[in-house]
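Below is one structure, written out as structure tokens, with a few remarks after it.
2 protein chains.
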Amino acid sequence: MRVVIPYTDRDPKSRLAPVLSEPERRAFARVMLGDVVAVVRDAGHEPELLVPAPIDFADADTAVGVDGVPTTVDDRALTPAVDAVLDRLGEGVAEVGIVMADLALATPAALRRLTAVGGEVGIAPGRGGGTNALVVREPSFSVDYHGASYRDHREAAATAGVSVGVVDSMRLATDIDEPADLAEVLLHGDGRARGWLVDAGVELDASGGRVGVRRG
Amino acid sequence: MRVVIPYTDRDPKSRLAPVLSEPERRAFARVMLGDVVAVVRDAGHEPELLVPAPIDFADADTAVGVDGVPTTVDDRALTPAVDAVLDRLGEGVAEVGIVMADLALATPAALRRLTAVGGEVGIAPGRGGGTNALVVREPSFSVDYHGASYRDHREAAATAGVSVGVVDSMRLATDIDEPADLAEVLLHGDGRARGWLVDAGVELDASGGRVGVRRG
Chain H
1477 MRVVIPYTDR
1487 DPKSRLAPVL
1497 SEPERRAFAR
1507 VMLGDVVAVV
1517 RDAGHEPELL
1527 VPAPIDFADA
1537 DTAVGVDGVP
1547 TTVDDRALTP
1557 AVDAVLDRLG
1567 EGVAEVGIVM
1577 ADLALATPAA
1587 LRRLTAVGGE
1597 VGIAPGRGGG
1607 TNALVVREPS
1617 FSVDYHGASY
1627 RDHREAAATA
1637 GVSVGVVDSM
1647 RLATDIDEPA
1657 DLAEVLLHGD
1667 GRARGWLVDA
1677 GVELDASGGR
1687 VGVRRG
Chain S
1477 MRVVIPYTDR
1487 DPKSRLAPVL
1497 SEPERRAFAR
1507 VMLGDVVAVV
1517 RDAGHEPELL
1527 VPAPIDFADA
1537 DTAVGVDGVP
1547 TTVDDRALTP
1557 AVDAVLDRLG
1567 EGVAEVGIVM
1577 ADLALATPAA
1587 LRRLTAVGGE
1597 VGIAPGRGGG
1607 TNALVVREPS
1617 FSVDYHGASY
1627 RDHREAAATA
1637 GVSVGVVDSM
1647 RLATDIDEPA
1657 DLAEVLLHGD
1667 GRARGWLVDA
1677 GVELDASGGR
1687 VGVRRG
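Chain order of the listed sequences is H and S. Residues in the first sequence are numbered consecutively from 1477, following the working numbering. Residues in the second sequence are numbered consecutively from 1477, following the working numbering.
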């Protein structure tokens, strides 16, 4: 299956600004992207990047492992750009995956659970109502990533009579947006993103209720 | 399997104070407890409460469904109290479960995945480094719920040569401590806790990055 990974270099991971500088956030976002690409490949699928403008990965290419990945450029917002990808369904394409680029805890096993969950649409909900990963097999389904997209996708599917499978995965539910999410990468990550954080001096801070992070 | 659910009525769910009053927090904590008890039963196990002092559930009893549940009173802190439960292992008891009382998203299917995960210790990590549920089959294993307990439990197991299985479950990873967690209950809960929140006027607030809650 072709698995499309939307990615943008425009002000990446802005909510991580309390912990990482702008160049660091860009580098970290690329490392996470590389991890997701590797997971898609290791799960037996074909990764594809979906970007709003061509990105020169330059010398980071080799490091993050995204060189040679097929890339679609679409300058529209996330929702119409993904909907254009879904338009491939029915044209000889039976299913397509959409996986967010910041799922630093994703593993091939977790992704395989999503693809096995069944339904005309398989969903991996993200924390806080997001939609972190989709497998779409029904051409009439369209996305809306604004707001509580998980709820909206379920409601839209129910209205259209489209069957939905939901995967119960902490790894796929954990998108990395906020400083506290970095603790999850340190605790559970087994890709390059974890090593990148360690090298950047980001470490667990167990002084509060839930574990957070600080920089050493 | 006996599944022990630690619970206390002392200042329950204090971090929910921005959204719920103290009596509301106590009532909500009890409703979540009732949901967890029901999940344990529906998964085919025997629930048991572990409390620091006897609790009079009084007229809430019927409503939350914990009447008649075997109860152990141990006035020590969580860690030694749970360790005393684990001392039953080897005395004709092959395995024991420890499940937190605030897992309002738990389902029988998620709990069954934990019990099937294998290892001398099965762990369901919680967000922020916690340990939300355990199945312990090895008498030498002991708990430490302070700080980043998931990391500490894994390290202790590795040091002692105890094998560990980890379940990848968003439902078991989501303990309900903070206002943002209430959004997860509204989005994914299918027990009484969700209905309680709706009745209390807590609703999704999709105005920010991740969805939060507000009171209507």
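Every residue gets a Cβ at the ideal spot worked out from N, C-alpha and C, and that includes glycine.
Distance CB(residue 1502 of chain S)-CB(residue 1488 of chain S) smaller than 9 Å: yes
Within-9 Å CB hit, residue 1424 of chain S to chain H: Summary: the structure shown does not reach residue 1424 of chain S, with chain S confined to residues 1477 through 1692, and so no result is reported for it.
Proximity test, Cβ basis, 9 Å: residue 1594 of chain S and chain H: no
Completely contained beta strand (DSSP E) runs for the region 1481-1567 of chain S, where each covers 3 or more residues: 1522-1527 and 1547-1549
8 Å Cβ cut-off: residues of chain S touching residue 1680 of chain H: 1605, 1624 and 1627
Inter-residue CB distance, residue 1575 of chain S and residue 1597 of chain S (contact presumed, cutoff 8 Å): At roughly 14 Å, the Cβ-Cβ gap does not stay under 8 Å, so residue 1575 of chain S and residue 1597 of chain S are not in contact.
Minimum Cβ-Cβ distance from residue 1660 of chain S to chain B less than 9 Å: Note that chain B does not occur in the displayed structure, where the protein chains are H and S.
Any chain H beta carbon closer than 9 Å to residue 1587 of chain S: no
Close beta carbons around residue 1722 of chain S, own chain, < 6 Å, minus the five adjacent residues each side: Residue 1722 of chain S is absent from the structure shown; chain S starts at 1477 and stops at 1692.
Residue 1552 of chain H burial status per 10 Å Cβ neighbour count (16 or more: buried): exposed
Cβ separation of residue 1509 of chain H and residue 1540 of chain H, assumed to be a contact under 8 Å, to the nearest whole Å: 6 Å
When H/1544, H/1587 and H/1555 are compared against residue 1644 of chain S, the one with the closest alpha-carbon: H/1587
Any C-beta of chain S under 9 Å from that of residue 1685 of chain H: yes
DSSP bridge partner residues for residue 1607 of chain S (one or two, in chain order): S/1601
Residues from the region 1510-1527 of chain H in contact with chain S, defined by Cβ distance under 8 Å: none
Chain-ordered chain S contacts of residue 1647 of chain H [CB-CB under 8 Å]: 1644
CB contact flag (residue 1669 of chain H, residue 1691 of chain H, <9 Å): no
Residue 1660 of chain H - containing beta strand (DSSP E), residue span: Looking at the DSSP string, residue 1660 of chain H is not in any beta strand (DSSP E); the run it does join, the alpha helix (DSSP H), is 1655-1664.
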